[in-house]
Amino acid sequence: MSKLENKIEARHRNLFDVLNEQKYTVDYFQREYSWGEKHIEELVTDLTSAFLNEYAPGDKREQGENYNNYYLGPFVVSSKDGKRSIIDGQQRLTSLTLFLIYLHNLQKELEYKEKIEPMIFS
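When the count follows our numbering, it moves up by one through the sequence shown with no breaks and lands on 572 for the last residue.
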């Protein structure tokens, strides 16, 4: 009998929970980041469309918490020796992190700021 234990655990999590104060590694067998303009445009268009399907003129910022969730697809992570390695979803997760860095920089001049830093500087 093998001592190797395979355990798969699926959970629904929002992006904040996935990124908030979390560190991930990318194993050597993963391809380098390769998303180009086309992929980024598709992601931003999908996110924008999902938001606009929920948004009604006059909605307050707080009402966004009641909007339907947007499914980003699965992120497969392997945990070993206290490290979490991204097995699937690296391109999406990297793109979303870059997008959050961009949003973080845009909001520097604003009075009200969203809590983005813990998701990008962990």
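Glycine is no exception: its CB is placed at the ideal position from the N, C-alpha and C atoms.
Unbroken beta strand (DSSP E) runs of length 3 or more, entirely within the segment 464-523: which are they?
Fully enclosed beta strand (DSSP E) runs of 3 or longer: not present.
Anyone know if the C-beta pair for Phe-525 and Leu-550 falls short of 8 Å?
Taking 8 Å as the Cβ cut-off, Phe-525 and Leu-550 do not qualify as a contacting pair.
Could you tell me if Leu-582 is buried or exposed, where buried requires 16 or more neighbouring beta carbons within 10 angstroms of its beta carbon?
No statement about residue 582 is possible, as the shown extent of the chain runs from 451 to 572 and does not include it.
For Ser-499 and Ile-536, the rounded distance between their alpha carbons:
Straight-line Cα distance between these residues: approximately 27 Å.
For Met-569 and Phe-466, the rounded distance between their alpha carbons
Approximately 7 Å, taken between the alpha carbons.
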